[in-house]
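Each remark here refers to the structure printed beneath this line.
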Amino acid sequence: MSSSPIPEYEAILQQRLPAAFMAELRAPVIEPLAYAPWQTADVSVDVLPCDRVHPVISGNKWYKLKFNLVAAWQQDCNTLASFGGAWSNHLHALAYCANRLGMNSIGYVRGDELDADANPMLRDAQAWGMELRFLTREQYRNKQVALDATTWLIPEGGDNEWGVLGCTTLLTPEQAAAYDVVVLPWGTGCTCIGVWRAVTHVTRLWGVSVLKGDWPARQFADYRHAHPQPDSRPAEILTTYHCGGYGRTTAELLSFIRKFGDNTGLSLDPVYSGKALFALDERIRKQALPAGSRVLFIHTGGLQGVRGFQSLTG
Ligand SMILES: *Cc1c(COP(=O)(O)O)cnc(C)c1O
Numbered sequence: 002m003s004s005s006p007i008p009e010y011e012a013i014l015q016q017r018l019p020a021a022f023m024a025e026l027r028a029p030v031i032e033p034l035a036y037a038p039w040q041t042a043d044v045s046v047d048v049l050p051c052d053r054v055h056p057v058i059s060g061n062k063w064y065k066l067k068f069n070l071v072a073a074w075q076q077d078c079n080t081l082a083s084f085g086g087a088w089s090n091h092l093h094a095l096a097y098c099a100n101r102l103g104m105n106s107i108g109y110v111r112g113d114e115l116d117a118d119a120n121p122m123l124r125d126a127q128a129w130g131m132e133l134r135f136l137t138r139e140q141y142r143n144k145q146v147a148l149d150a151t152t153w154l155i156p157e158g159g160d161n162e163w164g165v166l167g168c169t170t171l172l173t174p175e176q177a178a179a180y181d182v183v184v185l186p187w188g189t190g191c192t193c194i195g196v197w198r199a200v201t202h203v204t205r206l207w208g209v210s211v212l213k214g215d216w217p218a219r220q221f222a223d224y225r226h227a228h229p230q231p232d233s234r235p236a237e238i239l240t241t242y243h244c245g246g247y248g249r250t251t252a253e254l255l256s257f258i259r260k261f262g263d264n265t266g267l268s269l270d271p272v273y274s275g276k277a278l279f280a281l282d283e284r285i286r287k288q289a290l291p292a293g294s295r296v297l298f299i300h301t302g303g304l305q306g307v308r309g310f311q312s313l314t315g
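Reading the sequence shown from the start, the letters are residues 2 to 315 in our numbering.
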């Protein structure tokens with residue numbers, strides 16, 4: 002087995018990220034999450050607030066991007082390009098990073114009926130210098146784009162090997178070992194897979210899929226088959242909490258998010274973190290966890306995109 006490239010990548014980031022940018026990054030600190038129904042069930046839940054890693058870059062998007070920056074530099078690429086929907090936290094984060102690091106950025110956006118004024122996420126991206134290229138749904142599906150050698154192309158959602166590697170740095174195996182279960186949302190699965198690679202056999206991983214269908218479970222099984230780990234490493238992709246599909250919500254989900262926020266002060270977005278915590282809440286209520294269980298919830302961010310949900314932001 003080859004040794005991990007992570008120390009070298011982290012060292013390159015230390016050298017190349019401008020000090021002013023480094024100063025904006027915060028290492029998230031785990032804290033307890035007190036919610037009466039969980040206390041009644043005698044399940045203790047802590048939160049790893051990755052949403053606070055940076056004031057602008059949405060939580061897990063930083064972890065997915067950081068080693069992609071290193072890869073781009075190593076390939077002498079000064080332009081970053083990627084794909085996303087109109088409300089993509091990933092494109093938003095990419096545009097911000099490129100701007101702050103003096104790089105160019107190109108965002109391929111799904112929907113040729115849109116323009117840069119379509120919403121505040123795209124307006125931000127354009128203001129940070131991202132060149133927005135709007136694709137028809139057909140073009141977006143094919144993702145065939147012509148790029149020159151100085152452009153580093155990152156897949157939709159930052160889901161590549163560098164993205165996964167970055168997500169392995171979300172928490173240490175020692176941190177994870179204090180918990181019976183680690184819970185986080187599954188979109189492309191990049192973040193979950195990175196976390197799965199970081200935890201050890203004593204911790205069970207629950208990835209809550211925000212997409213309709215049970216294929217994320219198969220996608221994970223395939224990944225697991227192709228990347229065997231040295232220990233058993235239990236994991237489960239929960240595929241019944243998507244609330245109708247990506248970006249869809251139910252009244253029950255929205256009311257849970259509101260109630261949870263009122264009770265704990267923790268804001269959740271309805272696309273990702275809200276569904277993950279909703280799943281955890283239901284499982285605790287249905288007594289899927291024995292009394293005394295310790296759970297870590299990873300808050301992956303997403304609060305920029307909440308601007309798309311007026312009913313939550315008032
Ligand atoms: C993008 C995003 C996710 C999904 O992460 P994947 O790595 O694609 O699974 C989860 N939570 C938030 C808040 C996100 O913005």
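Glycine is no exception: its CB is placed at the ideal position from the N, C-alpha and C atoms.
The C-beta distance from V165 to W187 rounds to 13 Å, too long to fall under 8 Å, and the pair is not in contact.
Listed in chain order, the non-local C-beta contacts of K144 below 7 Å within the same chain comprise F84, local neighbours out to five positions each way being set aside. Put simply, the backbone Cα of F257 is about 22 Å away from that of S294. Burial state of W63 is buried, judged by a 10 Å Cβ sphere holding 16 or more other Cβ atoms. A direct Cα-to-Cα measurement between L81 and A72 gives close to 11 Å. The C-beta separation of V110 from A87 comes to about 6 Å, placing the pair in contact by the 8 Å criterion. The bridge partners DSSP lists for M131 are S106. Here the alpha carbon of I107 sits roughly 10 Å from the alpha carbon of A99. Across the structure, Q288 and A42 are spaced so that their CA atoms are roughly 8 Å apart. Between H243 and V211, the beta carbon gap of about 6 Å places them in contact (Cβ cut-off 8 Å). With contacts defined by Cβ atoms closer than 8 Å, W129 and Y97 form a contacting pair. Taking 8 Å as the cut-off, the Cβ atoms of L254 and P271 count as close. Nearest neighbour of A147 by Cα position, chosen from G159, R138, R134, V184, turns out to be R134. When beta bridges are read from the DSSP output, W63 appears opposite no residue.
In this structure S274 is buried. Its beta-carbon is surrounded by 16 or more other beta-carbon atoms within 10 angstroms. The alpha carbon of I31 has as its nearest neighbour, out of A24, V46, W39, A20, the alpha carbon of V46.
Annotation for W39: S45, V46, D282, I285 place their beta carbon closer than 8 Å to its own, counting only its chain and skipping 5 residues before and after. Positions of the alpha helix (DSSP H) runs, each at least 4 residues long and wholly inside the segment 178-221, are given as 191-199 in order along the chain.
Secondary structure note for I299: its beta strand (DSSP E) is the uninterrupted segment 295-300. Look at Y247: its beta carbon is at least 7 Å from all of the heavy atoms in ligand 1. DSSP lists no beta-bridge partner residue for V30.
The C-beta of D125 has 16 or more other C-beta atoms within 10 Å across all chains shown, which makes the residue buried. Scanning its chain for C-beta atoms nearer than 7 Å, with the 5 sequence neighbours on each side dropped, one finds around R53 the residues R27, P29, in chain order. Secondary structure at T41: helix, using DSSP grouped into helix, strand and coil. Note: T80 is bridge-paired with N105, T152 in the DSSP secondary-structure output. For E283, the uninterrupted alpha helix (DSSP H) segment begins and ends at 274-286.
Here DSSP, grouped into helix, strand and coil, assigns R142 to helix. In the DSSP secondary-structure assignment, G85 is bridged to V110. The nearest non-hydrogen atom of ligand 1 is less than 7 Å from the C-beta of N90. Remark: the C-beta of W207 is outside contact range of ligand 1, defined as less than 7 Å to any heavy atom.
For V48, the three-state secondary structure derived from DSSP is strand. Residues V165, C168, T169 of the same chain have their beta carbon placed closer than 6 Å to that of G195, with the five preceding and five following residues left out of the count. Residue pairing by DSSP puts I238 in a beta bridge opposite G208.
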